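First up is the structure itself, then whatever we jot down about it.
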Amino acid sequence: MGSLAKLWEPQYRNAFETSISLSLLTAIVGGVLGLLLAWALATTTRPRWLKSIVQSFSAVASQSGGVALAFAFIAAIGTQGVVTGLIEQATGWNLTSAVNILSFFGLAIVYLYFQIPLMAILMVPTLEGVKSEWGEAAASLGASRWQYLRQIALPIMMPSIAGALLLLFANSFSAYATAYALTGGSVNLVPVLVGFFISGNVLTDTSFASALVTGMIIITIIAMAVRALLMRRSTRWLQ
Amino acid sequence: MGIEDAAGVELADISKAFAGRTVLDGLDLQMPGRELLALLGPSGCGKTTVLRVVAGFESPDRGRVLIGGKDVTISSVRRRGIGIVFQAYSLFPHMTASENVTYGLRVARVKKVEVAKRATELLEIVELGEHGAKYPHQLSGGEQQRVALARALAIQPKVLLLDEPLSALDARVRVQLREQIKRIHRETGTTTLLVTHDQEEALTMADRVGVMSNGRIEQLGTPEEIYHHPRTAFVSEFVGAVNRLPTIIDGSQAVTLGRRMTITNPDFVRAGDVEALIRPEDLRVEAASDGIGVISAFTLRGAVTSLEVRLDDSARPLRVDLPSPAAGEFRISQRVSVVPRRDSALVDNTQKRLEPVV
Amino acid sequence: MATMTAGEKSPDWQQAARIAIFVFAMVLYLTPLVSAALFGFTLPGKGFTLESLLPTLSEPEFWPAVLQTLELAVLTSLSSLALLIPTLIWLHLRSPRLLAVADGLSLIPFVVPAIALVTGANLFFRAVAPSFLVSVYSLVPFYVVLTLPLVFRALDAGIRVIDVKTLMDAASSLGAGTIRAIIQVILPNLRTAILNAALLSSTYVIGEYVLSSLLLHTTFPVVIEETGQTYPRAAAALSFVAIMGTWLLMLLLSILTRGKQIRLMSVGAGNLAADAR
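Residue numbers (the working numbering), protein chains in the order written: chain Y, 22 to 260; chain D, 513 to 870; chain L, 4 to 280.
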C-alpha cells in the first residue's frame, strides 16, 4: 500500500503525465490522419492497384513497432540519418535541431508510424458501413452535404471513432519496446519505468513496479471497457 | 393533408450509360399529377435508374427532367422537392422514429411546436402513433418502411419515389403495406412513382403501369390494358403467364388450335415460324375423344387450378387455368380438345425457350 | 460508401486528395525501411557494403540468438495450435455459449499488456518457482498467452467458414472416430486458417522484446538493441532485415487469405496492438 502512495511522488507522477500526454498526442494526431487515410481507402475505386498496396502496407505497418522500427527511424531522422542528411543538403536546415528523434516528440513521430495505419484499418469498415441510402435520403429531405456530415454521418460514426481513439490511446500507453529502444529511459514513461524496477537497472523494487503496473492496468481497463460499450452501439448501427 | 395542384413528372429523351453500358436510351415518360405509376420490369431493365434520374441521384447523359412543369435536370437533389423510400436502410439508425420523421422539417427550420404536431400527425397516418420514441432497430421491417414513408411525406414532396419498398419484407407484411400505401396515396394525392419487379404489386397498386425491358418502356397503360391487351411478347410473358402455340398466318389472320384469330400487335413483322401468345385463363378444355391433347398434370393454385395438357403435335405442354371446382371434372390421361376463348391474339416469331410454361 | 451527398460524381479535387494521401502514406511507410537499408548497408564514400554488419555477425551470441528466436517462434506457433485447435473445435461443436465466453477471455491479454504480464510473472515465479524463468523456453507459455487474441480469431474465422458440425457428423456416420475425424476431415479444411495463425504468431514472436529483455533472455530483438548501442549501422541493417522478414511473412499471409486479411488484421490489430511495442 505504501507503494501506491509512492506513486504520487513527483518523478512517478511525471511518468504518468508524460505517458498520458504522449498517448493523447499520438491518439489524436494518429486518429485524425488515420481517419483521412481511412476515407481515402474507403472511397477510392481507381486506381485499384494503388489502393490495394496502401491497404496491405497499412495492415502490416499497424502491427509493426519495437526495436526494429526504432532503429530504422534513427537511420532515417536521427542525427546521422539519411533523411536528415538529405534535408540538410537540400535546404541547409538541420532537422535534428528542430526535432530530436530521441525526445518526446521524436518518440511521438515513431509511434505515429503504427498509430496512423492502425486508425485507418479500424475505421475503414466503419466508413464502408455508412449506407449510401442515408446520404441520399438526407439530400431528399433538404440537407446540405455539410448538414448531412454533421447531423447524420459523423454522429453515426462517433462511437466507432471514439472506440478507435481509445484503442490508440491504450496502445500507446502500454508500449515498451519502441520507447526503450529509442530513448532508453531519457523520456520518463510508465512502461519503461516498470521495466527498470523489474530488471534492476536502478534498484529492484518489484512491489513498486506492481503499483505502477496496477495504475497502468486501471487506465487501460477503463479505456477498453468504455470502448466495448461504444462498439456495441456502433455495430448495431453500421452492420 | 392534400396537395392542391399536384405536380406531374416528365422525362424527355433520357439517355444514361454506365461504364460504357447503355442503361437508358431515349426514354420518354409523362406522369400527370396525383397519379401512382409503377415501373415494372426484371432486374437490370433500368427502372431503378429512371427513379434515380427523377430524384437527381443520377444525371442523364442526354434529355430533360421536369417536375411540376419546372426543368430540374441540373437542379440538385435538395431542390427538387422529392420524397424517397428505399428498399432497405432508409432510416437513420441513431434517431428515433419521430426524429427520423421530422428530420426534413428540422432541416427546413420549421418551428418546434409545428414540428411536434406534424410528427404525431404523420405517425398516425402510417398507424405508428405510439412508436415515435423507438429506434429503428426496435422496429420490424414493415414498421421501418412505414416510418420511412412518413418521413418522406413530412416535407410534402411534389413527387414520392418508392424504390422497391416492399421487396425486403415478408410476404404477409408486403400485402398489408401495399394496402397502406394505396390508402395513403388516395388520402394525400401525392404523385407517386413506384419501382418494382413484382407484377402483382404493380397491378394492384398502380393507376398505370410501365413495363420496362432493356432500358425501354415496352408498354405504358392501366393494369387492365397491360394484362389483357399486351402489345409485345415481352409484356405478355412478364406480366402473368402465357402459352406459346404453333400458329399459321393466313392472310391477315392467324390460325391457332383450329381457330381463326385477329392479330392484335399492329406492327408484327413475320420472320419464319410464328407462335400465338394466349393466357392460360383464355383457353377452354372440353372432354373429347378426338381431341388434340391429353391432360398430363394438375396443379392446385388455390382458387384456380392449372391443367397441363400435352398436344399431339407439340413437344411443349400447354397450361390451362380453370376455376378449381370446374377442374374437378377432368382426369389425368383424359383426352380433351382445347379452344381459345377469345378471337384475337398476340403473335410472335418463334424463339428458343429453355423452360416450358407451367 | 457514402459520406458524400448522393448524386455527386467524385469531384476532381477529391480524387487528387486521395492520391496525395496515398502517396504520403507510402512515403511514411517506406522511409524508415529505405533509410535503414541505406544506413546499414552503405558507408560514406564506399557505397554498398556489408562491412557495418560484420562485427555483429561475428559476435558469439548473434547466431544463437537468431536461432533461438526462430525456435521460439516455431514452438509458440505449435503450442498455440495444439492448444487452440482442439479447444475451438470442441467449443464449436458442443458449447456455443462457452465459445462466446472464450472469445471474450481471449481479449484479456490485450487489456493486460506485455509489460504488466512480465511484472506479474516476475513477482509470481520468483516467489513460487524461481528457476522457472531462467529457462528461455519459459517464454513460450507467455507468448502463447500474448498471441491468444490473434490465433484465436484466425482459427475461429477458419472454423466458422466450414460447417464443423456437419463435417463431423458425416465423418462419424462413415465410421471415423472423433480423433480420426478431426485429423483427416477437419484439419485439411483448416489449412489456410492454421497457416494464418502460425504466421501471425511467428511474426509476433520474431519482434518480441518486452518479455525477452526483461526476463534476461537473448533473442534476436535483444541482440539488435544491444548492437545499436555501439554499432548503429549494424543495428539499422539488422532492423531492415527484421522488417523485411515480417513484411514478407505478411505478404505470404495476404496471398493466402486474399482480402479477408484486412478484416482479420483489423480484428487482430484491434486486440493485439500494444504488446510487440
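From the three backbone atoms N, C-alpha and C, an ideal C-beta is built for every residue, glycine too. Keep in mind it's a predicted model, so treat the numbers as computed, not measured.
- Rounded to the nearest whole angstrom, the CA to CA distance from Arg564/D to Val521/D is 13 Å.
- When 7 Å is used as the limit between beta carbons, Val75/Y is near these residues of chain L: Phe25, Ala28, Met29, in chain order.
- A Cβ-Cβ distance of about 7 Å is found for the pair Val832/D and Val850/D, placing them in contact under the 8 Å criterion.
- Contact between Val566/D and Leu678/D fails: their C-beta atoms lie close to 19 Å from each other, not under 8 Å.
- The three-state secondary structure of Val151/Y, taken from DSSP, is coil.
- When the beta-carbon positions are compared, Val145/Y and Thr34/L stay at least 9 Å from each other.
- Proximity of Met179/Y to chain L, defined by a Cβ-Cβ separation below 9 Å, is not satisfied.
- With respect to Asp675/D, Ile596/D sits close: the two C-beta atoms are nearer than 9 Å.
- By the 16-neighbour rule on beta-carbons within 10 angstroms, Asp785/D is exposed.
- The C-beta of Ile41/Y comes no closer than 9 Å to any C-beta of chain D.
- Sorting Leu75/L, Ala28/L, Leu86/L, Leu53/L by C-alpha distance to the C-alpha of Ser205/L places Leu75/L at the top.
- Ranked by Cα distance from Ala96/Y, the first of His95/L, Phe243/L, Leu255/L is Phe243/L.
- With contacts defined by Cβ atoms closer than 9 Å, Leu603/D and Pro648/D form a contacting pair.
- Nearest CB-CB separation between Arg663/D and chain Y: below the 9 Å threshold.
- By the rule that beta-carbons nearer than 9 Å mark a contact, Gln32/Y does not touch chain L.
- Of all residues in the region 146-162 of chain Y, only Lys152, Ser153, Glu154, Trp155, Glu157, Ala158, Ala159, Ala160, Ser161, Leu162 place a beta-carbon less than 9 Å from a beta-carbon of chain D.
- Comparing C-alpha distances from Val104/L to each of Thr90/L, Gln232/L, Val115/L, Ile209/L shows the shortest one belongs to Thr90/L.
- Within the region 201-223 of chain Y, those residues whose Cβ lies closer than 7 Å to any Cβ of chain L are, in chain order, Ala202, Pro212, Val215, Gly216, Ile219, Ser220.
- DSSP places Ile227/L in the uninterrupted alpha helix (DSSP H) bounded by 223-233.
- Counting C-beta pairs closer than 8 Å gives fewer than three between the region 206-214 of chain Y and the region 149-168 of chain Y, which falls short of the contact rule.
- The C-beta distance from Leu36/L to Ala93/Y rounds to 6 Å, short enough to meet the 8 Å contact threshold.
- Taking the beta carbon of Ser165/Y as reference, the chain D residues within 8 Å of it are Arg590, listed in sequence order.
- If you look at Asn861/D, you'll find it in the beta strand (DSSP E) that goes 856-861.
- Cα atoms of Gly51/Y and Ser138/L: separation of roughly 39 Å, rounded to the nearest angstrom.
- Residue contact with chain L for Ala80/Y: present (Cβ-Cβ distance below 9 Å to some residue of chain L).
- Within 7 Å of the CB of Ile173/Y, the CB atoms of chain D belong to Phe604, in sequence order along the chain.
- Leaving aside the five residues that flank Thr52/L on each side, the residues in its chain whose CB is nearer than 6 Å to its CB run, in chain order, Leu46.
- Contact check for Thr222/L against Tyr212/L passes: the beta carbons are separated by less than 9 Å.
- The beta carbon of Ile761/D sits closer than 7 Å to those of Arg782, Val786, all from its chain and outside the five residues before and after it, given in chain order.
- Fully contained in the region 781-834 of chain D are the following beta strand (DSSP E) runs of length 3 or more, in chain order: 786-790, 795-799, 805-812, 816-823.
- Residues of chain Y with a Cβ closer than 7 Å to the Cβ of Gly595/D are, in chain order, Ser161.
- Bounds of the alpha helix (DSSP H) holding Glu74/L are 65-97.
- Exclusion of the five residues before and after Ala788/D leaves Leu757, Thr759, Ala766, Thr768, Ala857, Val859 as the residues of its chain whose Cβ lies within less than 6 Å of its Cβ.
- Note: Leu252/L is not bridge-paired with any residue in the DSSP secondary-structure output.
- At least one CB of chain Y lies nearer than 9 Å to the CB of Tyr32/L.
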